[in-house]
Each structure stands twice: as C-alpha cells, then as structure tokens.
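These notes are about the structure you will find just below.
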Amino acid sequence: MASFDRDFAEAIMNHGFPPFKLLPWLILCCLNAFSSAARSKNCIGEPGAVPEIPSGFTLGGQGSGNRVVFPDASGTVFYGSRTSLLHIPKNYNQSIARGLIISFHDRGESGMQQEALSKLSDPSINPDMLVIYPDGIENEWQGDPAATTDDLTLDVNAITYAKSNFCIDTERIYATGMGNRGGFVNNILACDPASKQLAAVAGVSGAYYSQ
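Residue 12 is where the sequence shown starts when you use the working numbering, and the numbers rise one by one after that.
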C-alpha cells in the first residue's frame with residue numbers, strides 16, 4: 012500500500028498548488044501507479060453476481076442523488092449508522108471492474124462539501140471510478156481528541172457495501188481525506204489491518220494529533 016504524507020503535500024503546495032486542486036492531483040497520480048484485474052464477486056461472470064445496477068441509483072453527475080447508509084455493527088460506533096454520498100460514473104456497468112475511492116471531508120464539513128472540493132465526481136478528472144463521500148458523526152473523525160467514533164469500522168463497511176453491490180476492482184481501492192481526516196488515513200487507517208484492502212492512501216493538509 013502506498014501513502015502520500017503531509018511533507019509531500021506541503022512540498023507540492025509550496026510550488027503553487029492550492030489544496031482544492033491538490034487532492035484530485037494526488038489521487039490520480041497515485042492511481043496511475045497501480046493496475047489490476049481483480050474483481051469483486053458482484054461482476055457479471057462471477058458466481059451469484061447481480062447483472063443489473065441496484066435500483067434507484069443515478070449514473071454520472073454529483074452524488075447527492077445517491078445517498079446510502081452503512082449500518083454499523085452493534086456496539087462498534089457510538090452514534091450508529093452513517094450516511095454517505097455515492098458517485099457512480101456515467102459509463103459504469105456491471106461487467107467491467109472499476110476502482111473505488113473513499114473521500115473524506117475535513118472537520119466541520121460534509122460529504123457534499125468534500126465532493127465539491129475534491130472534484131472527484133468530475134468526469135474530466137475521474138471518468139471511471141466510483142467515489143464514496145461519507146459524512147462524519149458531528150462532522151468529526153477518529154484521531155481528533157474530540158471524536159468518539161470508530162471510523163475504521165466505517166471504512167470496512169463502505170468497502171464491503173461497494174463490493175457487494177457493484178463491480179469493483181479489489182486491487183484499486185483508495186482512501187483520501189482533507190485535514191482532520193487526512194491525518195486519519197495516514198496515521199491510523201494506513202497502520203490498521205483494514206488497510207490490507209487498500210492500494211493506497213493520500214492525506215491532504217492532514218491534521219496530525221499527538222494524543
């Protein structure tokens with residue numbers, strides 16, 4: 012698994028790239044380093060695959076029309092289930108395995124704001140990959156001393172949901188985040204066994220807490 016750290020991000024920003032342009036640049040740079048043909052079980056041709064896209068989902072555009080909820084295992088997350096936005100590329104179908112990006116907002120923001128900031132739903136930047144934009148509980152993430160949530164469980168549930176409902180390339184699953192969540196993906200998620208499902212992480216302007 013590859014990881015972009017804050018020193019790399021700061022070096023890029025010192026050369027004139029503002030943070031809102033840096034995030035998609037980092038992710039797509041990272042994606043170009045990996046390729047695979049590994050497929051999740053819900054691809055056409057795999058045993059038990061569902062041949063059609065789940066009903067009610069919109070292809071292309073912003074993910075606000077595709078709002079999904081990931082139920083958490085009992086006792087693992089203090090505040091219960093999580094709401095996320097899901098972007099599905101316009102050219103998606105169940106026969107071609109696609110990469111997946113989980114893109115996390117900064118503290119005090121939302122998944123919708125992260126979608127607008129990251130531009131990862133823009134087909135000129137990301138034409139082929141699915142993107143999940145989770146909402147933090149009270150807009151915070153694990154790692155912040157004020158947070159009381161288990162966001163590692165959220166990551167695992169988001170990946171499980173995507174692989175169970177869509178045709179996902181299991182060797183092109185990525186996590187990225189801004190600020191508070193940028194620190195989480197680099198400092199906590201990257202060091203957890205859950206990271207074995209990820210090809211790379213990229214934290215942008217990460218908030219790194221010493222305690």
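C-beta: ideal position from N, C-alpha, C; glycine also.
- For LEU111, the enclosing beta strand (DSSP E) covers residues 109-115.
- When C-beta atoms of the region 167-178 are compared with those of the region 115-135, fewer than three pairs fall below 8 Å, so the two segments do not count as touching.
- Here ARG78 is exposed. Its C-beta has fewer than 16 other C-beta atoms within 10 Å.
- Pairing ILE143 with LEU111, the inter-Cα distance amounts to about 8 Å.
- Secondary-structure assignment with DSSP links THR94 through a beta bridge to VAL80.
- Nearest to ILE55 by alpha-carbon distance, out of ASN104, VAL80 and GLN125, is ASN104.
- DSSP lists SER95 as the bridge partner or partners of PRO145.
- Taking all protein chains shown into account, GLY59 has fewer than 16 neighbouring C-beta atoms within 10 Å of its C-beta and is therefore exposed.
- In the DSSP assignment, LEU128 falls within the alpha helix (DSSP H) that extends over 122-129.
- The three-state secondary structure of VAL61, taken from DSSP, is coil.
- Under DSSP, ILE184 shares a beta bridge with LEU111.
- Distance from ILE179 to ARG109 at the Cβ level is roughly 6 Å; contact confirmed, criterion being Cβ atoms closer than 8 Å.
- Per the C-alpha coordinates, the member of GLY122, ILE113 and ASN102 positioned closest to PRO134 is ASN102.
- When beta bridges are read from the DSSP output, ILE179 appears opposite ARG109.
- Distance from the CA atom of ASN137 to the CA atom of LEU70, rounded to whole angstroms, is 13 Å.
- A Cβ-Cβ separation of about 5 Å places ASN176 in contact with PRO65 under the 8 Å criterion.
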